[in-house]
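Novice: Residue numbers (my numbering): 18 to 520.
Take a look at the following structure, please.
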């Protein structure tokens, strides 16, 4: 594969990538160390959108070289998350091709080969310090009042012969990158322009650990190159590591990809979105009943806007309309309330009612609630949609539709006690109204209210408490019509007994 994949041309305040004789290839490289983070979904969305927009290739590569934090179940969770979101990669550990394997630990020999190549070129060196020696030198520097940053480069100028002798003798070592000690490194970022780094501030980062596994710095650059990644689209927290990556690529005489560092998702206090302060697990949002379309829509709004300013849009809309010029670097705040609001719009305005009912039914069954997806269920769904924002809210707000032993709230019980003289009359009125529809229910209630010299609301309040056990329910006439005569009469009889027992 040719090294000269892209050129970067200035255009206004941005740098625009002009792809030359090559496919656009993007990637995400999550670490399987825990539950899939919403930030991973965020990066996956932008990587997929850009690849699809250019008829390119979207890769998922697992960065699992930190074996102390590796969790096998996280691999499955990451791939399942992407599948649930519909962010299907063209290549992944579950979809290998000729450029794989797409699990980094399975590429260890390749990484070791290029670590040795960097040693051969004099761009890296072996460091034989033990962890105890490094800590002792760090503490001594602190006691002297020195600013101890990273590695003190003790073995940087070790003679090659001595380095080879120690390695051959079995002395443990790491391989470190030999960064320039003066001048500056310029990273040309598509969103941020030329970002300059003082080389005196750079550290000789470890490329190959003592256990033979590479660090992220080496493995990512080797794999990106060999997999033909043309655009590295990742979170801005990696920007400060990019000079290291630039020097690795230059030492191996490889062309840099186009660097694109997207704004971080942030908490309300503008700190980086993290599980210490916020719920960051995609699994958690799924469990709460957030729709995948709504989550992707919300993530798309994080730092980017549609040209027409609309807030509801699909991934396909993004693919058709996306430009980097419309990405804001301000640091988008991840607001769960806004996500739930958007999810509610999807339930009420975007998805067809029958589709919502189907998803709700699947969600309820997955959580142990056995209800039939019949006409009654779909009627209840339509009535409650204005009152819910997530799928998880549906059951709590609808339990009285499915069972006759529902609990009464304190306010409902008080209304039953206060209106117990009306309850028998309500029962008799509905016994005489077998064909219970929206209109006939209204006629029954208005006639009873008029006969008693009451406002309709005074009649409806104890009735609502009797048939739902709560004051938070759909419109009275729709509720009665959905429940039907038998349920309404039976619930009034139960309420009469309950009110009498409360006295």
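All residues carry an ideal CB built from backbone N, CA and C; glycine is no exception.
As the structure is a prediction and not an experimental result, all values here were calculated from the model.
Put residue 210 into one of helix, strand or coil per three-state DSSP.
Specialist: Strand.
Novice: Run through DSSP, which three-state label would residue 329 get?
Specialist: Coil at residue 329, not helix or strand.
Novice: Who pairs with residue 45 in a beta bridge, going by DSSP?
Specialist: Beta-bridge pairing links residue 45 to 77.
Novice: Residue 84 and residue 214 - do their beta-carbons sit closer together than 9 Å?
Specialist: Cβ atoms of residue 214 and residue 84: not closer than 9 Å.
Novice: Going by beta carbon distance, what residues of the same chain come within less than 7 Å of residue 191, once the five residues before and after it are set aside?
Specialist: These residues qualify, in order along the chain: 144, 223, 225, 226, 227.
Novice: Whose C-beta lies closer than 6 Å to the C-beta of residue 206 among residues of the same chain, with five residues either side of it excluded?
Specialist: Counting only Cβ-Cβ distances below 6 Å, and skipping sequence neighbours, we find 212, 276, 278.
Novice: How is the beta strand (DSSP E) around residue 193 delimited, first residue to last?
Specialist: Here the beta strand (DSSP E) through residue 193 covers 191-194.
Novice: Since I believe residue 66 is in contact with residue 319 (beta carbons under 8 Å), could you give me their beta-carbon distance rounded to a whole number of angstroms?
Specialist: About 13 Å separates the two Cβ atoms, so there is no contact after all.
Novice: Tell whether a beta-carbon distance below 9 Å holds between residue 49 and residue 89.
Specialist: A contact, by the Cβ cut-off of 9 Å.
Novice: What's the gap between the Cα of residue 505 and the Cα of residue 429?
Specialist: Rounded to whole angstroms, residue 505 to residue 429 spans 16 Å at the Cα level.
Novice: Could you check the C-alpha separation between residue 38 and residue 341 for me, to the nearest Å?
Specialist: Caution applies to residue 38, whose pLDDT of 46 falls short of 50 and renders its modelled position unreliable; the model cannot decide the point.
Novice: Please name the residue, chosen from 462, 386, 75, 51, that lies closest to residue 248 on a Cα-to-Cα basis.
Specialist: Considering only alpha carbons, the answer is 75.
Novice: DSSP on residue 219, reduced to helix/strand/coil?
Specialist: The answer is coil: DSSP assigns residue 219 none of H, G, I, E or B.
Novice: Can you give me the C-alpha to C-alpha distance between residue 384 and residue 353, rounded to a whole angstrom?
Specialist: Answer to the nearest angstrom: the Cα atoms are 22 Å apart.
Novice: Determine the burial state of residue 15: buried for a count of at least 16 other Cβ atoms within 10 Å of its Cβ, exposed for fewer.
Specialist: There is no way to answer for residue 15, as the model of the chain reaches only from 18 to 520.
Novice: So, at 7 Å on beta carbons, what are the nonlocal neighbours of residue 419 in its own chain, with the 5 sequence-adjacent residues on each side left out?
Specialist: Cβ neighbours of residue 419 beyond the five flanking positions: 388.
Novice: Quick check on the DSSP output: the beta strand (DSSP E) that includes residue 275 runs from which residue to which?
Specialist: 275-279 is the span of the beta strand (DSSP E), which, as asked, contains residue 275.
Novice: What are the uninterrupted segments assigned as alpha helix (DSSP H) that are 4 or more residues long and contained completely in the stretch 343-426, given in chain order?
Specialist: List check, alpha helix (DSSP H) in window: 353-362, 370-383, 392-401, 409-415.
Novice: Would you mind listing the beta strand (DSSP E) stretches within the stretch 140-203 that are 3+ residues and don't spill past its ends, in chain order?
Specialist: Fully enclosed beta strand (DSSP E) runs of 3 or longer: 141-144, 191-194.
Novice: Assign residue 177 to buried or exposed, taking buried as 16 or more other Cβ atoms, counted over all protein chains shown, within 10 Å of its Cβ.
Specialist: When all chains shown are included, residue 177 counts as exposed.
Novice: Out of curiosity, what's the CA-to-CA distance linking residue 140 and residue 410?
Specialist: Distance between the alpha carbons of residue 140 and residue 410 is about 58 Å.
Novice: May I ask you to report which of helix, strand or coil DSSP gives residue 249?
Specialist: Strand.
Novice: Does the beta-carbon distance from residue 362 to residue 398 come in below 9 Å?
Specialist: Against a cut-off of 9 Å, the Cβ pair of residue 398 and residue 362 comes out as no contact.
Novice: Is it the case that the Cβ atoms of residue 381 and residue 308 are separated by a distance below 9 Å?
Specialist: The answer is no: Cβ separation not under 9 Å.
Novice: Could you spell out where the alpha helix (DSSP H) holding residue 90 opens and where it closes?
Specialist: Residue 90 -> alpha helix (DSSP H) spans 89-102.
Novice: Report buried or exposed for residue 288, applying the criterion of at least 16 other Cβ atoms within 10 angstroms of its Cβ.
Specialist: The residue in question, residue 288, is exposed, as its Cβ has fewer than 16 Cβ neighbours within 10 Å.
Novice: Assess, as a yes-or-no matter, whether the stretch 166-177 is touched by the stretch 256-264 under the definition of 3 or more beta carbon pairs within less than 8 Å.
Specialist: The stretch 256-264 vs the stretch 166-177: no contact.
Novice: In whole angstroms, what is the alpha-carbon distance linking residue 284 and residue 169?
Specialist: Using only the alpha carbons, I get a separation of about 36 Å.
Novice: Could you spell out the range, first to last residue, of the alpha helix (DSSP H) harbouring residue 447?
Specialist: Residue 447 -> alpha helix (DSSP H) spans 439-448.
Novice: Can residue 497 and residue 447 be called in contact, C-beta distance under 9 Å?
Specialist: Cβ distance < 9 Å, so residue 497 and residue 447 count as in contact.
Novice: Using beta-carbon positions only, say whether residue 80 and residue 236 come within less than 9 Å of one another.
Specialist: Yes.
Novice: How big is the Cα-Cα spacing for residue 121 and residue 343?
Specialist: Distance between the alpha carbons of residue 121 and residue 343 is about 33 Å.
Novice: For residue 19, name the three-state secondary structure that DSSP assigns.
Specialist: With a pLDDT of 33 at residue 19, under the threshold of 50, the modelled position of this residue cannot be trusted; read the value that follows with caution. Here residue 19 sits in coil by DSSP.
Novice: Taking all protein chains shown into account, decide if residue 488 is buried (16 or more other Cβ within 10 angstroms of its Cβ) or exposed.
Specialist: It is exposed - the Cβ of residue 488 has fewer than 16 other Cβ atoms within 10 Å.
Novice: Cβ of residue 290 within 9 Å of Cβ of residue 360?
Specialist: Not a contact, by the Cβ cut-off of 9 Å.
Novice: Starting from residue 265, follow the alpha helix (DSSP H) in both directions and report where the run begins and ends.
Specialist: Note, residue 265: alpha helix (DSSP H), 259-268.
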